[in-house]
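Residues in the sequence shown are numbered from 0 upward in steps of one, following numbering that gives the first Met the number 0. We treat Cβ as the ideally placed atom computed from N, Cα and C, and that holds for glycine. Computed from a predicted model, the values in this text were never measured in an experiment.
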Amino acid sequence: MELSEQFQEQLLLALPFTIIITILVTIILVNGNKQQQRRPPEPVGALPFIGHLHLLGKSQLLHRKFADMADEHGPAFVIRLGVHRALVVSNWEIAKECFTTNDKVFPTRPKSLAVKYMGYDHKMLGFAPYGPYWRSMRKLATVELLSSRRLELLKHVHDTEISSFIKELYEQSVKNGGSAVLEMKERIGDLATNIIVRMIAGKRYCGIKESCSEESRRWQKALGDFFYLAGLFLVSDTIPFLGCLDVVIGNIGKIKRTAKELDFVLGNWVNEHRERRLNKGIEGDQDSVDVMLSIMDENNVPTQEVDVTIKATCLSLVLGGIDTNVVTLTWAISLLLNNRHVLKKAQEELDIHVRNQRQVEESDIANL
0 MELSEQFQEQ
10 LLLALPFTII
20 ITILVTIILV
30 NGNKQQQRRP
40 PEPVGALPFI
50 GHLHLLGKSQ
60 LLHRKFADMA
70 DEHGPAFVIR
80 LGVHRALVVS
90 NWEIAKECFT
100 TNDKVFPTRP
110 KSLAVKYMGY
120 DHKMLGFAPY
130 GPYWRSMRKL
140 ATVELLSSRR
150 LELLKHVHDT
160 EISSFIKELY
170 EQSVKNGGSA
180 VLEMKERIGD
190 LATNIIVRMI
200 AGKRYCGIKE
210 SCSEESRRWQ
220 KALGDFFYLA
230 GLFLVSDTIP
240 FLGCLDVVIG
250 NIGKIKRTAK
260 ELDFVLGNWV
270 NEHRERRLNK
280 GIEGDQDSVD
290 VMLSIMDENN
300 VPTQEVDVTI
310 KATCLSLVLG
320 GIDTNVVTLT
330 WAISLLLNNR
340 HVLKKAQEEL
350 DIHVRNQRQV
360 EESDIANL
């Protein structure tokens, strides 16, 4: 009887805890099922560890593969890139909602080993995680570096470089009897580099008649390597526990060498500006490095942090300004040359609105 009574007492004590645990497990399972129902669809065929990577490495172009998946699974679906999940959006309305209504959910990009080494440990504006640093650098870029007033103050840089570029092309043509074969992508790249670097660091690199300096050659090669390596598939980014393969293949070594080259040039920019300010003070038009140094000095930011922030910001501006302009202008010229009727129409339009007495200016674009 005593054992029976003790058992009943223990049962009565354990019963409330059992009921509580049962309720908690039920709630967790119900919420889990609801979350599962709210998740976007996922294509079949994912394998352990590698996910859907084996489906993306075939001959079909990536955007076409995603288009086929969108036709089957809808405008938003999830794929597994190694151990990570990625949301693929193929509808402009959903994309707009992601970057307007839910913009605070999506500003942080996945971390990349290439950007860690070449982008100052994700200090570049386009790759920095959302937080106080990202907000302060975005404010610095929009209010100080890329404001309408700042661009207007540096408009003469754009105008003089365009004039010099056109003059050099004309002289090259006259020298060769009225015609000359030029690799326009390279020339446009030099033009964009001169404009962007002059606005950021106040220095000109090279032109058609000028021989490029050693620093210029190192800089342009390092930029090309950055674009190549940043778009390279790294095992470390998708399957971290196999990251040693990147070392064996040699990708990490290439990334570190490129990071060193970029840091060499960007460090020279900062040091040259700092020395000039110490010797001559602040005089004349200020470029982006001058503006950032002044702001950092006013806020008593430590020197090491100042250098990293300025170099990362300069790299962001250069990468964002040069490549997009080069690609856009190269394709525009290519399309015009391959569609002569459109080229003729554009020339007639310029003859009407601009005539041949001056160069085309930004104010003319509204009439074209």
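Terminal residues of the alpha helix (DSSP H) in which residue i lies
i	result
HIS352	339-352
VAL43	First-last for VAL43: undefined, no H or E at that position.
VAL156	154-174
LYS223	Rather than Lys, the amino acid found at residue 223 in this sequence is Gly. Note, GLY223: alpha helix (DSSP H), 213-229.
ILE294	287-297
SER135	131-138
PHE105	Where PHE105 is concerned, there is no enclosing alpha helix (DSSP H), given that its DSSP letter is neither H nor E.
SER235	234-237
LYS115	112-117
GLY56	From DSSP, GLY56 is part of no alpha helix (DSSP H); its letter is neither H nor E.
PHE65	61-72
THR368	In the structure as shown, the chain starts at 0 and stops at 367, and residue 368 therefore has no counterpart that could be examined.
ILE199	183-200
ALA94	91-98
Buried or exposed by the 16-neighbour rule on C-beta atoms within 10 Å, applied to residue i
i	result
TRP219	Trp is not the amino acid found at residue 219; the sequence shown has Gln there. Classification of GLN219: buried, given that the 10 Å Cβ count is 16 or more.
ASP70	exposed
LYS122	buried
THR302	exposed
ASP236	buried
LYS174	exposed
ILE194	buried
ILE199	buried
GLY201	buried
PHE263	exposed
SER287	buried
ARG63	exposed
CYS313	buried
ASN250	buried
SER178	exposed
PHE226	exposed
LEU367	exposed
LEU316	buried
LEU150	exposed
VAL156	buried
ASN355	exposed
GLU348	exposed
ILE78	buried
LYS308	Rather than Lys, the amino acid found at residue 308 in this sequence is Thr. That one is buried.
Cβ distance (whole Å) where residue i is taken to contact residue j below 8 Å
i	j	result
VAL269	ASP296	Actually they are not in contact, since the Cβ atoms of VAL269 and ASP296 sit about 13 Å apart, beyond 8 Å.
LEU80	GLY50	6 Å
PHE65	VAL87	6 Å
ARG273	LEU292	7 Å
VAL82	PRO239	7 Å
TYR129	LYS103	7 Å
LEU277	LYS253	With a Cβ gap of about 37 Å, LEU277 and LYS253 do not count as contacting.
LEU139	ILE294	7 Å
Extent of the continuous beta strand (DSSP E) run through residue i
i	result
ILE78	75-80
ARG439	Any answer about residue 439 is impossible in this case: the structure gives the chain only from 0 up to 367.
ARG84	83-88
Sequence-distant residues of its chain with Cβ nearer than 6 Å to residue i (five each side left out)
i	result
GLY188	VAL325
SER362	none
ALA191	ILE321, ASN324, VAL325
VAL359	VAL353
ASP350	none
LYS310	LEU265
ASP224	THR257
Neighbourhood of residue i by C-beta, 8 Å cutoff - its chain only, sequence neighbours within 5 removed
i	result
LYS33	Since pLDDT at LYS33 reaches only 49, below the 50 mark, its modelled position is unreliable, and the value read off the structure follows with that caveat. For LYS33, where only same-chain residues beyond five positions count, there are no Cβ hits under 8 Å.
LYS255	TYR116
TYR132	LYS122
PHE105	CYS97, PHE98
ALA221	THR257, GLU260, LEU261, VAL264
SER162	GLN358
Check: residue i C-beta below 7 Å from any heavy atom of the ligand NAP
i	result
THR327	This structure does not include the ligand NAP; it has no bound ligands of any sort.
Own chain partners of residue i with C-beta closer than 7 Å, once the 5 adjacent residues on each side are dropped
i	result
PRO40	HIS72, GLY73, PHE76
VAL290	GLU143, LEU144
MET183	THR329, ILE332
GLY242	VAL234, SER235
ALA127	HIS121, TRP133, MET136
Short CB-CB distance (under 8 Å) between residue i and chain C
i	result
LYS310	In the structure shown, chain C does not exist; there is a single protein chain.
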